[in-house]
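Q:
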Amino acid sequence: MNQRDHNKHYFNTPSSPDLLPIESCWRAVKQYIAKHSRHDSTMDDSRCLAIEGWERIPQETINKWVDSMVWRMEDVLVGGGRRTDLVIPICDLAFYGVY
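Heads up, this note's numbering is the position in the sequence shown plus 13, with the first residue counted as 1.
1. Thinking C-alpha only, which one of Lys77, Ser81, Asp53, Trp39 is nearest Gly66?
2. For a test of the three-state rule: what should DSSP assign to Asp53, helix, strand or coil?
3. Quick one, are the C-beta atoms of Thr97 and Leu32 less than 9 angstroms apart?
4. State the Cα-Cα distance for the pair Val83 and Tyr45, rounded to the nearest angstrom.
5. Using alpha carbons as the reference points, say which of Asp88, Val79, Glu87 lies closest to Ser37.
6. Let me know the alpha helix (DSSP H) ranges lying completely inside the segment 29-83, each 4 residues or longer, listed in chain order.
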């Protein structure tokens, strides 16, 4: 952690998907595509499903994933920097009738 202008900045890398909220979003979109694609889907079909999947994720759910970073970071720190095994469930998407 670096201190700059009295703000806390955490260095993060793409090799830590457990600390990137976007990974939860991608996982949800991939599940949406898998559920709604057909065996004869084209690339354009998949692209449309990906856009549709993104649009169907409620902002409230995305906010929950972002807010979860606090306890994910705590878990990584407690584990001495090791990757956390905590996973954000996608079950709240089913609650919203999204998936």
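Glycine included, C-beta positions come from ideal geometry on N, C-alpha and C.
A: Working from what's here:
1. Trp39
2. coil
3. yes
4. 27 angstroms
5. Val79
6. 34-49, 56-69, 72-80
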